[in-house]
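A quick write-up on the structure given underneath.
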Amino acid sequence: MAANIFYDALLVSVAQPREYDRVSSLGYGLGYLGGGGLFAFCVAMTIWPHTFGFQHAADVVRWSFLLAAIWWSLFTLPLLFRVTEVRATSTSDGILHVAQAGWRQFVQTFKEIRRLRVIGGFLLAYWLYIDGVNTVMRMAVNYAMSLGFSSQQLVAALLLTQLIGVPAAIGFGYLGERIGTRTAIMLGIAVYAAATIWASLMHSTWEFYAIAAVIGLVQGGVQSLSRALYARLIPKDKSGEFFGFYNMLGKFAAVIGPMLIGLTAVMFHDQRVSILSILILFILGGWILLRQPLHDVGANWSDREVRKHRFDA
0 MAANIFYDAL LVSVAQPREY DRVSSLGYGL GYLGGGGLFA FCVAMTIWPH TFGFQHAADV
60 VRWSFLLAAI WWSLFTLPLL FRVTEVRATS TSDGILHVAQ AGWRQFVQTF KEIRRLRVIG
120 GFLLAYWLYI DGVNTVMRMA VNYAMSLGFS SQQLVAALLL TQLIGVPAAI GFGYLGERIG
180 TRTAIMLGIA VYAAATIWAS LMHSTWEFYA IAAVIGLVQG GVQSLSRALY ARLIPKDKSG
240 EFFGFYNMLG KFAAVIGPML IGLTAVMFHD QRVSILSILI LFILGGWILL RQPLHDVGAN
300 WSDREVRKHR FDA
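Numbering that gives the first Met the number 0 numbers the first residue of the sequence shown as 0 and each following residue consecutively.
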């Protein structure tokens, strides 16, 4: 969603650098709460359609889209009326002129990212490990079904991941403040790698649910702390431009992972072996992140230290 660019960019407007971990994690935690709650409600309507006044489960699908639209509209209101930001400069220029100016700004921001190598290095690392995260989220259903798990078990696992993700995402914000944001992200990446290995070996239903629970523990944490760390690195007055690149890479993520799984499956004819190929993304992403010339950031950082290391290269 393009709106995520502007939503993420608001982090620097609503919180101080030392608060980024907690605020970003709280946002993801509440997001899991809202999204998981609506998902659970729609699942309940699908299982018991007559209880909710529907004749068939297929009717619930159409209403689920309507509920999602209402949900978005309702929870957009606090953002519109309660969050303040710097007012944009109005312009009466035509669409073509605006498009040209946008392209020039894109090129300028790209050059600035290349100059600020720590930002470029982080974005490369983020693209790799978040590709692994997104691949796990998107390919988990297909992988589990290939091993013989039922659709009911898949839905239950998704609900479990969402439920655990609420307190876990919020908790990761405090963990980042205590041990450092980058260290907490690396911990999450390590857990993802371990869960991937476990998934390649699992045979029983309880293992499937256990892996779903483990993923729920770190999924929101990796996402939220990555956003918080990136917000510390970028120029505050250009957050929209820089988060544009951040979200662009996020949209391109989950491209390499499925390709690796597909190629490995063709080569070895084994789904369990193919899932292990995702480890490449976690290992490379974590290695590049560790090599970036910045100290671990946390609540003890002053604004002066943030500015100093933001441009460290």
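C-beta atoms are modelled at their ideal positions from N, C-alpha and C, and glycine is treated no differently. Keep in mind it's a predicted model, so treat the numbers as computed, not measured.
Between residue i and residue j, what straight-line distance do the alpha-carbon atoms span, to the nearest angstrom?
i: serine 24; j: alanine 156; result: 22 Å
i: alanine 139; j: isoleucine 287; result: 26 Å
i: aspartate 47; j: alanine 56; result: Per the sequence presented here, residue 47 reads as tryptophan, with aspartate not at that position. If I take the Cα positions, the gap works out to 8 Å.
i: leucine 78; j: phenylalanine 64; result: 22 Å
i: tryptophan 300; j: alanine 252; result: Low confidence applies here, because tryptophan 300 scores a pLDDT of 42, under 50, leaving its location unreliable; read the following figure in that light. Distance between the alpha carbons of tryptophan 300 and alanine 252 is about 31 Å.
i: glutamine 222; j: leucine 29; result: 13 Å
i: tyrosine 128; j: alanine 43; result: 34 Å
i: glycine 120; j: phenylalanine 105; result: 18 Å
i: histidine 308; j: leucine 95; result: Caution is warranted here: a pLDDT of 48 is assigned to histidine 308, below 50, making its placement in the model unreliable, and no coordinate value can be reported.
i: leucine 283; j: aspartate 269; result: 23 Å
i: phenylalanine 5; j: leucine 73; result: 18 Å
i: serine 12; j: isoleucine 233; result: 13 Å
i: alanine 8; j: lysine 237; result: 9 Å
i: leucine 123; j: valine 190; result: 20 Å
i: alanine 230; j: valine 22; result: 12 Å
i: isoleucine 260; j: serine 145; result: 13 Å
i: isoleucine 184; j: alanine 168; result: 12 Å
i: leucine 66; j: aspartate 58; result: 13 Å
i: phenylalanine 109; j: leucine 200; result: 42 Å
i: glycine 35; j: glutamine 161; result: 5 Å
i: leucine 174; j: methionine 247; result: 27 Å
i: tyrosine 193; j: arginine 116; result: The sequence shown places alanine at residue 193, not tyrosine. If you take the alpha carbons of alanine 193 and arginine 116, they lie about 30 Å apart.
i: leucine 224; j: arginine 137; result: 21 Å
i: leucine 10; j: isoleucine 163; result: 24 Å
Exposed or buried, what is residue i when buried is set at 16 or more other beta-carbons lying within 10 Å of its beta-carbon?
i: proline 16; result: buried
i: leucine 262; result: exposed
i: leucine 20; result: It should be noted that the sequence gives aspartate, not leucine, for residue 20. Label assigned to aspartate 20: buried.
i: glutamate 240; result: buried
i: glutamine 291; result: buried
i: glutamate 176; result: buried
i: alanine 68; result: exposed
i: alanine 218; result: The amino acid occupying residue 218 in the given sequence is glutamine; alanine does not appear at that position. So glutamine 218 counts as buried.
i: methionine 258; result: exposed
i: alanine 211; result: buried
i: threonine 75; result: exposed
i: tryptophan 126; result: buried
i: valine 213; result: buried
i: glycine 52; result: exposed
i: serine 273; result: buried
i: threonine 313; result: Given a span of 0 to 312 for the chain in the structure shown, any question on residue 313 remains unanswerable.
i: alanine 2; result: exposed
i: threonine 204; result: exposed
i: serine 276; result: buried
i: asparagine 141; result: exposed
Any heavy atom of the ligand SAH inside 6 Å of the beta-carbon of residue i?
i: methionine 258; result: The ligand SAH is not part of the structure shown, which contains no ligands of any sort.
Next on the checklist: To test your reading of the DSSP string, which unbroken alpha helix (DSSP H) runs of 4 or more residues are found completely within the stretch 141 to 192?
Outcome noted: As far as the stretch 141 to 192 is concerned, its whole alpha helix (DSSP H) runs of at least 4 residues are 150 to 178.
Checklist entry - Which runs of the alpha helix (DSSP H) fall wholly inside the stretch 230 to 274 and span at least 4 residues, in chain order? => result With a minimum length of 4 residues, the continuous alpha helix (DSSP H) runs that stay inside the stretch 230 to 274 are 238 to 251, 255 to 267, 270 to 274.
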